[in-house]
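Going down the list, the protein sequences come from chains G and X.
Our numbering puts the first residue of the first sequence at -17, with every later residue one more than the last.
Our numbering puts the first residue of the second sequence at -17, with every later residue one more than the last.
The C-beta atom is built at its ideal place from N, Cα and C for all residues, glycine as well.
Worksheet: one structure, shown below.
Number of protein chains: 2
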Amino acid sequence: MNSDCNLTISLDIMGGDKGPLITIPAAILAIQKLPNLHLILCGDESLISQELAKNNLNDSPQLSICHTAETVEMDELPASALRNKKDSSMRKSIDLVRNDKAQACVSAGNTGALFSMAHYVLKMLPGVERPALISALPTHDDNRHVFMLDLGANVFCDSNVLYQFAIMGSVLAEEVDGIESPRVALLNMGTENIKGSDHIKFTAAQLEANPYINYIGFVEGNDILSNKADVIVCDGFVGNVALKTCEGVALMVYSKFKSVLSQHMFTRLLGKFFASTIKKLFKSLNPDQYNGASLIGLRGIVVKSHGNASSLAFLAAIMEAVKEVERQVPDKIRKKLEQSLAD
Amino acid sequence: MNSDCNLTISLDIMGGDKGPLITIPAAILAIQKLPNLHLILCGDESLISQELAKNNLNDSPQLSICHTAETVEMDELPASALRNKKDSSMRKSIDLVRNDKAQACVSAGNTGALFSMAHYVLKMLPGVERPALISALPTHDDNRHVFMLDLGANVFCDSNVLYQFAIMGSVLAEEVDGIESPRVALLNMGTENIKGSDHIKFTAAQLEANPYINYIGFVEGNDILSNKADVIVCDGFVGNVALKTCEGVALMVYSKFKSVLSQHMFTRLLGKFFASTIKKLFKSLNPDQYNGASLIGLRGIVVKSHGNASSLAFLAAIMEAVKEVERQVPDKIRKKLEQSLAD
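This is the structure:
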């Protein structure tokens, strides 16, 4: 490792639909962008060396290889991956974080397996019962994101878990997006106090009583992207359905527009212009295509890139990991939890 | 009542954001459209008479008035409305169904109050534990709807309730949209058998074992509008969030497009054309703006129009009620449940 590199991140090179074909070009872009970044490439050594040789990078002080013989398949059961794939590129990239050889890891592999392995290997921060999958979604305001969690790591979450998620989400919004006193909301089926299940009402009461969290109340599905809140908290089932519903509606609007555009000679001429605009809009509604989701609540930083991410999208996931390392997100979460639970 | 009228529907004239201003014009349109329709207008008699007089309809054999002195407010608590508003237009319109004076009722009033009153007054069909709010949403295919339930009448639903909803939804899709052997799916956070909570997996097993239901498995949020299924079943919390997320994304796309269109001189010229197209698309994603949602599982037909429905939207809700009367939906649900539970 180069002594000038003060940032080390491990990459699961074999994970994702296209594995090394997209992860290696992303790694190369990342080190070109950040001279102080050192990447540990976990995966098949001969394959990685071959790719690096093509770019004359075999001797780069910013890159090293951690050979692994196994790969976690995209459809593999999490329990089976956890038990049987100890020499996989995914597992090794997490082990490197556990053993303080890397400050964060990034994978585009099987989400369930990544969750199980990271949970098992890294363990939870004190005061956290469950890790959450969190991502920044676009809002009506082009300059602001909304951080939503949990996006599917946990089917059901009780009120304590939701409360911890709210605190964790607030820290991420503050540290990663630089939002002062982020507006935190609970996703519910109505905004009145009487709405929703008992455990959501209980979480609301806990958040109202926490002076360190800017809790703004309940929001409904139509306000997820409306920039009413900076952090939206829900259980993994609801979050997953809501996120995928966003993608589905965006896709439907896209396909309907394409069909409208093709109906008129007049508009066909403009098709290309509008198609690219709609495509861009659709992409902005499908955030894990371009950005990384994070598994937070762990004693280490784990960023999950979308399985079919492009090199640029995987690069964005690496940059997300860099930001979380620089902002020391797990440490900030630990402190905010201590503060909140001490009161 | 005119002896030529073989169809009687009671209307909550005072319900909704604009009450009689939209419900009376809708009633007039409905009787003009269907000469065999008799409507009982529940609400303030002098106000209704006055409106009918303006249209020379005070002596119409197709219209009668049921005077009520109270109105359920849009923000009234359901329990309070149930206890205190026995002489309200909403309650009377339901009572008329209970007493066989009307075959269905339609209201644009407070959803929670309507649910509580209908549940209390009409009671459940045998074999049904909870009523569900169901609506037809648009799909990628302009000629097909997807019926989604529950949309918010019940926060949490156990596996038996979800199973009953699947049967009820299948009947509605078959009878109202004429779909033979409707494809029924459960909304989940993944399509693999291992995904989701235990109660959803149990419902899946129950549906797989039912030869009278065309159960096709799990679908995810991005497939709600993709025309993969004709009926999508979930609990009221998830359904409500998913439906409102659809509205929110459509609104965001609409506002982003408007801003894109206004940026270029070239596209500003086309703004009007595209704005109306996007508006139409947005409306099609906001189904309760133009159509009625039904409360099903009750011993009577109750159609809920959106609170800020226009006259045409309230007319659509009346037509939905007519269709359910003609197709004898509660009776068909009762039979399908008997058949399913007997096996």
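At the level of alpha carbons, what is the spacing between residue i and residue j?
i	j	result
ALA295 of chain G	TYR236 of chain G	21 angstroms
GLY94 of chain X	SER117 of chain X	16 angstroms
LEU168 of chain X	SER179 of chain X	12 angstroms
VAL128 of chain G	ALA12 of chain X	45 angstroms
GLY134 of chain G	MET150 of chain G	16 angstroms
ALA211 of chain X	SER31 of chain G	48 angstroms
GLY(-3) of chain X	SER89 of chain X	6 angstroms
GLU229 of chain X	VAL166 of chain G	22 angstroms
ASP124 of chain X	LYS238 of chain G	9 angstroms
GLY1 of chain X	LEU21 of chain X	16 angstroms
THR5 of chain X	LEU119 of chain G	40 angstroms
MET(-17) of chain G	VAL143 of chain G	The predicted position of MET(-17) of chain G is uncertain, since its pLDDT is 49 and thus under 50; a value taken from the coordinates is nonetheless stated next. Taking the straight line from one Cα to the other gives about 39 angstroms.
ALA8 of chain G	SER287 of chain G	12 angstroms
GLU320 of chain X	SER75 of chain X	29 angstroms
GLU58 of chain G	GLU302 of chain G	26 angstroms
GLN14 of chain G	SER292 of chain X	59 angstroms
ALA186 of chain X	ASN170 of chain X	11 angstroms
GLU52 of chain X	ILE(-5) of chain X	11 angstroms
PRO113 of chain X	VAL215 of chain X	13 angstroms
ILE182 of chain G	LEU19 of chain X	46 angstroms
LYS67 of chain G	GLY25 of chain G	13 angstroms
MET106 of chain G	CYS139 of chain X	31 angstroms
PRO43 of chain X	ASP(-14) of chain X	9 angstroms
GLY279 of chain X	ASN209 of chain G	38 angstroms
ASP(-1) of chain X	GLY91 of chain X	8 angstroms
ILE161 of chain G	MET234 of chain G	32 angstroms
SER70 of chain X	THR50 of chain X	6 angstroms
MET72 of chain X	LEU3 of chain X	16 angstroms
ASN81 of chain G	SER276 of chain G	20 angstroms
ARG126 of chain X	GLN188 of chain G	45 angstroms
ASN204 of chain G	LEU225 of chain G	12 angstroms
VAL231 of chain G	ASP41 of chain X	48 angstroms
ARG309 of chain G	ASN192 of chain X	54 angstroms
SER322 of chain X	TYR145 of chain X	10 angstroms
GLY199 of chain X	THR173 of chain X	7 angstroms
Hey, could you find the ends of the alpha helix (DSSP H) residue i is sitting in?
i	result
TYR145 of chain X	141 to 158
GLU128 of chain G	One point to set straight first is that residue 128 of chain G is Val, not Glu, in the sequence displayed. No alpha helix (DSSP H) holds VAL128 of chain G; the beta strand (DSSP E) holding it covers 127 to 131.
THR185 of chain X	180 to 190
ILE10 of chain X	2 to 15
LYS286 of chain G	Per DSSP, LYS286 of chain G belongs to no alpha helix (DSSP H); it is in the beta strand (DSSP E), 283 to 286.
ALA303 of chain G	293 to 308
Could you tell me the boundaries of the beta strand (DSSP E) in which residue i lies?
i	result
SER163 of chain X	Run containing SER163 of chain X: none; DSSP gives neither H nor E here.
LEU21 of chain G	19 to 25
ILE315 of chain G	Careful: ILE315 of chain G lies outside any beta strand (DSSP E), inside the alpha helix (DSSP H) at 311 to 324.
ILE278 of chain X	275 to 278
Based on the DSSP output, what are the partners of residue i in its beta bridges?
i	result
LEU168 of chain G	G:PHE200, G:VAL215
CYS228 of chain X	In DSSP, CYS228 of chain X forms no bridge with anything.
THR(-10) of chain X	X:HIS20
SER46 of chain G	G:ILE22
GLU52 of chain X	X:SER70
Can we count residue i as close to the ligand GTP, meaning its CB is less than 6 angstroms from some heavy atom?
i	result
PHE200 of chain G	Here there are no bound small molecules, and the ligand GTP is not part of this structure.
Interface residues of the region 193 to 211 of chain G facing chain X [CB-CB below 9 angstroms] | Contact residues of the region 193 to 211 of chain G toward chain X are GLU202, GLY203, ASN204, ASP205, ILE206, LEU207, SER208 (C-beta to C-beta distance below 9 angstroms).
Please name the residues in the region 162 to 174 of chain X whose beta-carbon is closer than 7 angstroms to at least one beta-carbon of chain G, in chain order.
-> LEU169, MET171
Can you give, in chain order, each stretch of the beta strand (DSSP E) that sits fully within the region 66 to 93 of chain X and has at least 3 residues?
-> 86 to 89
Considering only residues of the region 93 to 125 of chain X, which uninterrupted alpha helix (DSSP H) runs meet the minimum length of 4 residues and lie entirely inside it, listed in chain order?
-> Considered as a whole, the region 93 to 125 of chain X harbours 93 to 104 as its complete alpha helix (DSSP H) runs of no fewer than 4 residues, in chain order.
Members of the region 210 to 233 of chain X near chain G, C-beta cut-off 8 angstroms = In summary, the residues of the region 210 to 233 of chain X whose CB is separated from some CB of chain G by less than 8 angstroms are CYS216, GLY218, PHE219, VAL220, ASN222, VAL223, ALA224, LEU225, LYS226, THR227, CYS228, GLU229, GLY230, VAL231, ALA232, LEU233, in the order they occur in the chain.
Proximal residues, the region 116 to 128 of chain G versus chain X, C-beta separation under 9 angstroms | Against chain X - using a Cβ distance shorter than 9 angstroms - the residues of the region 116 to 128 of chain G are PRO120, THR121, HIS122, ASP124.
According to a CB-to-CB cut-off of less than 7 angstroms, which residues of the region 126 to 150 of chain G neighbour chain X?
-> GLY134, VAL137, PHE138
Of all the residues that make up the region 11 to 38 of chain G, which are near chain X by a beta-carbon distance shorter than 8 angstroms?
-> none
Closer than 9 angstroms, Cβ to any Cβ of chain G: which residues of the region -14 to 8 of chain X, in chain order?
-> From the region -14 to 8 of chain X, no residue has a Cβ closer than 9 angstroms to chain G.
Residues of the region 89 to 102 of chain G with Cβ closer than 9 angstroms to any Cβ of chain X, in chain order | GLY94
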